[in-house]
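What follows is a short report on a single structure.
Numbering (our numbering), first residue to last: 292 to 523.
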């Protein structure tokens with residue numbers, strides 16, 4: 292009789308053993324800090340100060356509370372940059388070294404032009420001239436062959452935006468364009484510019500801040516001109 296009882300109890304324990312193992316594993320898993328994959332970073336609630344400090348040093352922007360992640364530029368972001376930078380939007384812009392801010396519609400130089408276009412797209416960074424841009428923490432320095440539309444391309448004494456076909460949209464100075472009263476905002480082949488120390492570098496914006504904490508740029512409106520209809 293005792294043997295039958297022991298046998299029945301043993302069977303009961305064996306039936307419950309898998310469930311006990313599952314519960315044990317689940318308990319171990321929930322004892323670790325919660326990690327949620329958001330955009331470019333894995334955000335750890337127990338390591339917020341360290342992550343925030345590291346991201347800030349890389350040019351990322353985190354908001355207090357809510358979604359604290361940022362993300363790489365999407366293709367929509369890149370198209371917005373190109374629409375904003377289209378030479379058709381600057382029919383009478385003159386070249387003037389040192390011009391800045393909203394004056395880009397009247398006069399600008401290459402570094403102020405790209406800075407203003409990025410600002411209008413909600414991608415701010417501290418202004419730097421062409422000799423300082425490669426050290427800007429908001430950008431990642433890449434080789435020429437990795438260029439994508441909307442990236443910046445850095446030449447010797449010049450910077451511009453990479454268009455969808457690989458040409459460079461930038462503010463350029465030529466006596467011929469000045470004499471004819473043409474805009475200084477051009478789309479030229481990259482061979483028109485000289486490499487910097489034998490190489491051409493690409494600057495890619497590291498991380499777009501959370502959209503809920505961005506002010507919508509008043510300049511970002513639907514453009515009548517499409518990428519396909521641009522003049523060569």
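Backbone N, C-alpha and C define an ideal beta-carbon position, used for all residues, glycine too. The structure displayed is predicted, hence computed values, not measured ones.
With DSSP collapsed to three states, give me the class of residue 421.
coil
Check whether the Cβ atoms of residue 484 and residue 459 lie closer than 8 Å to each other.
yes
Endpoints, alpha helix (DSSP H) assigned at residue 429
Where residue 429 is concerned, there is no enclosing alpha helix (DSSP H), given that its DSSP letter is neither H nor E.
In three-state terms, what does DSSP make of residue 402?
helix
Quick check: what's the CA-CA separation for residue 433 versus residue 448?
18 Å
Below 8 Å, how does it come out for the stretch 373–387 and the stretch 397–415: are there three or more Cβ pairs, yes or no?
yes
Can you grab the Cα-Cα spacing for the pair residue 371 / residue 412, in whole Å?
7 Å
Classification of residue 441 by the beta-carbon crowding that lies within 10 angstroms, buried from 16 upward
buried
Residue 480: buried (16+ other C-beta within 10 angstroms of its C-beta) or exposed?
exposed
Looking only at its chain, what residues have a beta carbon closer than 7 Å to the beta carbon of residue 364, apart from the 5 residues adjacent to it on each side?
441, 496, 499
Going by CA-CA distance only, name the one from 361, 428, 408, 403 that's closest to residue 420.
403
Assuming contact is defined by CB atoms lying nearer than 8 Å, are residue 405 and residue 443 in contact in what I supplied?
yes
Going by other Cβ atoms of all chains shown within 10 Å of its Cβ, with 16 needed for buried, is residue 462 buried or exposed?
buried
Buried or exposed for residue 478, going by 16 or more other Cβ atoms inside 10 Å?
buried
My understanding is that residue 492 touches residue 378, with C-beta atoms under 8 Å, so please give their C-beta distance in whole angstroms.
Not really, about 23 Å apart at Cβ, beyond 8 Å.
Could you tell me which residues DSSP puts in a beta bridge with residue 540?
Only positions 292 to 523 of the chain appear in this structure, which leaves residue 540 out of reach.
Going along the chain, which residues of its own chain have a beta-carbon closer than 7 Å to the beta-carbon of residue 510, five neighbours each way excluded?
Note that residue 510 scores 46 on pLDDT, short of 50, meaning its location in the model is unreliable and no value can be drawn from it.
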